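Residue numbers (this note's numbering): 57 to 441. For every residue, glycine included, the Cβ atom is placed at its ideal position computed from N, Cα and C. Values in this document were obtained by computation on a predicted structure and should not be read as measured data.
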Amino acid sequence: MIDEILTMIPGPTPVHPRILGALARPTVSHVFPAFVEQFKKALLDFKTLCQSTAGQPFIVAGGGTLSMEMGLVNLVAPGEKVLVISHGYFGDRFGDLAASFGIQCDILKAEWGKAVAPEEVKKKLDAGSYAAVTITHVDTSTGTVSPVEAYLELLKGRSELIILDGVCATGGVDEKFDAWGIDVLLTAPQKAIGAPPGVALCLFSEKAMAKRQSRTSVPAYYSDVMRWLPIMQDPGKYYSTPCVNEIVALGEALKMVHEEGIAARFARHGKIAKSVRAGLEAMGLKLFTAPDCRGDTLSVILLPEGIADMAFRKEMAGRGVVVAGGLGPIAGKAFRLGHMGNIGAGEIVAALVAVEQSLLALGVKVTPGAAVAAAAQFLPEPAKP
Ligand SMILES: Cc1ncc(COP(=O)(O)O)c(C=O)c1O
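This is the structure:
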């Protein structure tokens, strides 16, 4: 039954009943005072999650790609140049976006599963003249976490604006917007924040807002932050009808994030990643991502020799667990297991047991129970009732 399926893809992630309950509340007018207050609180809670007091948050109906577009189009003018540090499919997307808006672009691409060395970034920065640099915090195609702080060290005191894509990180991995000097942190609700998809989330620094304000116009209408600014400052105003239910659901998800506490939440994601990987390795599986750059929010796992991707995922789905296939050069060779958002020991154990049984059904030799026993050493504490 569709509602008994455990969605362990790298987003959307399982949505907690509290958040689903919020989503199901009656749709109210977008200027209804109680909704306006909920919208204000969601903006504030998002900013707090990003560890910022100075940033300007935006919540706009859309998704992660819209938030990428909002970041790029407002900060970089056609003809200006952006440096894209790419760790896979979603890093490359910044290149496509730049091309769509007549923005010049240099892309530093890592070998899939590895990270671009900070020295490579330094060489490019020293040789080029960039208006902005994009960094994908965790690339969902390769599982690679960027060495963000090492890159930021190189960018200290320089003029380039810094755009951080936190779509597969925000809410699961530490992001210190003010302290790190990020100019745009863009993200989406359906991954580590644990809310349903439906909105673009962005946080703009004062420097980023000043860059947009210095331009008379941008080649966008819906993505232009100046059109949204009055609504973000007073959500009782109208520009384009907000997705009322999704914003209420996001508000509930952010409330849960802060009830858990962001430090505890990041620590839980760390434990889950360790636990899942111990379980996978106990089955003899190999991770695709290099050991020094594995993000805590998902794992990319190589399929054993001779195991067909579709057959494996069909076995998984038959056991009620959905995982994602590989993208790009690892399509058909790997599967991606999301382990972020509001999940805990129960989901991890269920996913590992499904992997174990699926492999056994396909003739792979694994020791029954070994995965759960290995994972159990690192499982996070159960949530307080
Ligand atoms: C790192 C990253 N950036 C951007 C996106 C695009 O987000 P969306 O699919 O919500 O447009 C994704 C989607 O998975 C992503 O993983």
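Quiz prompt | Opening and closing residue of the alpha helix (DSSP H) in which Q289 lies | solution = V281 to Q289
Self-check item: Separation of F150 from T63, as counted between CA atoms
Solution: 27 angstroms
Quiz item: Less than 7 angstroms between the CB of G381 and some heavy atom of ligand 1, yes or no?
Solution: no
Practice problem: Can you say whether L100 is buried or exposed, counting buried as having 16 or more other CB atoms within 10 angstroms of its CB? | Solution: exposed
Quiz item: Comparing alpha-carbon positions, which option in K180, L211, D162 and D148 lies nearest T192?
Solution: D148
Quiz item: Could you give the residue range of the beta strand (DSSP E) that holds Q160?
Solution: Q160 to K165
Practice problem: Please name the residue in V71, E167 and E60 whose C-alpha comes closest to that of E308. | Solution: V71
Practice problem: Tell me whether G36 counts as near ligand 1, meaning its Cβ is closer than 7 angstroms to at least one heavy atom of that ligand. | Solution: Beyond the ends of the chain as shown, which are 57 and 441, falls residue 36; an answer cannot be given.
Quiz prompt | Rounded Cβ spacing between P253 and P134 (contact assumed at less than 8 angstroms) | solution = Contact flag wrong, Cβ pair sits at about 30 angstroms.
Self-check item: Beta-carbon proximity list for G397, same chain, < 6 angstroms, skipping 5 on both sides
Solution: T69, A248 and G250
Quiz item: Whole beta strand (DSSP E) runs in the region 85 to 140 with 3 or more residues, listed along the chain?
Solution: 112 to 117
Quiz item: Which value, in whole angstroms, describes the spacing of the CA atoms of F157 and G425?
Solution: 53 angstroms
Quiz prompt | Distance CB(V39)-CB(V255) smaller than 8 angstroms | solution = No information on residue 39 is available, as it lies outside the stretch 57 to 441 that the chain covers here.
Quiz prompt | Per DSSP, the bridge partner or partners of K342 | solution = L358
Quiz item: For ligand 1, is there a heavy atom less than 7 angstroms away from the beta-carbon of P253?
Solution: yes
Quiz item: G384 and Y145 look like a contact to me (Cβ under 8 angstroms); what is the Cβ gap, rounded to whole Å?
Solution: 6 angstroms
Practice problem: If I'm right that A351 touches V189 with Cβ under 8 angstroms, what's the distance once you round it to whole angstroms? | Solution: According to the sequence provided, residue 351 is Gly. The question's Ala does not apply to it. The Cβ separation is near 19 angstroms, so there is no contact.
Quiz item: Which residue from S142, G127 and V304 puts its Cα closest to that of A90?
Solution: V304
Self-check item: Contact test: M124 Cβ vs ligand 1 heavy atom, cutoff 7 angstroms
Solution: yes
Practice problem: Check whether the Cβ of V201 lies closer than 7 angstroms to any heavy atom of ligand 1, and answer yes or no. | Solution: no
Quiz item: Does the Cβ of G169 lie closer than 7 angstroms to at least one heavy atom of ligand 3?
Solution: This structure lacks ligand 3; its bound ligands are ligand 1.
Quiz item: Quick one: what does DSSP say A442 is sitting in, helix, strand or coil?
Solution: The question about residue 442 has no answer, for the chain in this structure spans 57 to 441.
Quiz item: Who are the near neighbours of V87 in its chain, counting only those whose CB is closer than 6 angstroms to its CB and skipping five residues on each side?
Solution: G292
Quiz item: For K212, is the classification buried or exposed, using 16 other Cβ atoms within 10 angstroms of its Cβ as the cut-off for buried?
Solution: exposed
Self-check item: A187 burial status per 10 Å Cβ neighbour count (16 or more: buried)
Solution: buried
Quiz item: Per the contact definition of three or more C-beta pairs closer than 8 angstroms, is the region 213 to 220 in contact with the region 159 to 167?
Solution: no
Self-check item: L354 versus A225: straight-line alpha-carbon distance, rounded
Solution: 10 angstroms
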